[in-house]
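Per our numbering, the very first residue in the sequence shown carries number 75; after that it's consecutive. Only one structure is covered here, and it is reproduced in the block below.
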Amino acid sequence: MRVELTGHQIEVSPGLRSLVDRKLVKVTRVLNDAGVSAAVVVKREKVNNVVEITLHLRSEQFMHAVGKADTWQAAMTLAVAKLLHQAEKVKGKWQERKRRGVAARSVKAPRRAPSRTAPQAAPEMEPPAAKRPRSAGKRGGQR
């Protein structure tokens, strides 16, 4: 996965870059390499350090998370935790769709082997029942 790290009003140190790479490995592991790229923006506010992560997935989906904390590690951990929650939800939807699609397409009724006995006559079809007007319901009409 391609990672683009940007610092707003801050210089990105090699330590911060390694922290981002280390934390994003967890998300990549959960998504089974479905992530195409990640854009990470780090910025310093008056009190907090802010980490914004936007993750682009292979299925043209995007995930976005923001973490704010006193330290870079805590902010990154918060943002990754939010991304992991979103990733689990998306992964569950993918698996459910996969289960539903395979079951609907590939399961067919087994064919019966033709019996070697004498052929049976087809049952006679009865004409459809005459249509009758719908009832008004339990109360029998108006209130």
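Virtual Cβ for every residue (Gly too), placed ideally from N, Cα, C.
Short Cβ contact (8 Å threshold) for residue i with residue j
i	j	result
Lys165	Val124	no
Leu129	Leu158	no
Ala113	Glu78	yes
Asp95	Asn122	no
Val99	Leu131	no
Val115	Thr80	yes
Status (buried if at least 16 other CB within 10 Å, exposed otherwise) for residue i
i	result
Ser92	exposed
Gly89	exposed
Lys97	buried
Ile84	exposed
Met137	buried
Val154	buried
Boundaries (first-last residue) of the alpha helix (DSSP H) holding residue i
i	result
Val94	88–105
Residue i - containing beta strand (DSSP E), residue span
i	result
Glu198	Per DSSP, Glu198 belongs to no beta strand (DSSP E) and is neither H nor E.
Glu85	Counting along the chain, Glu85 falls outside any beta strand (DSSP E), and DSSP gives it neither H nor E.
Length at least 3, wholly inside the stretch 111–164: the beta strand (DSSP E) runs in chain order: Runs of the beta strand (DSSP E) spanning 3 or more residues and lying entirely within the stretch 111–164 occur at 123–131, 136–143, in chain order.
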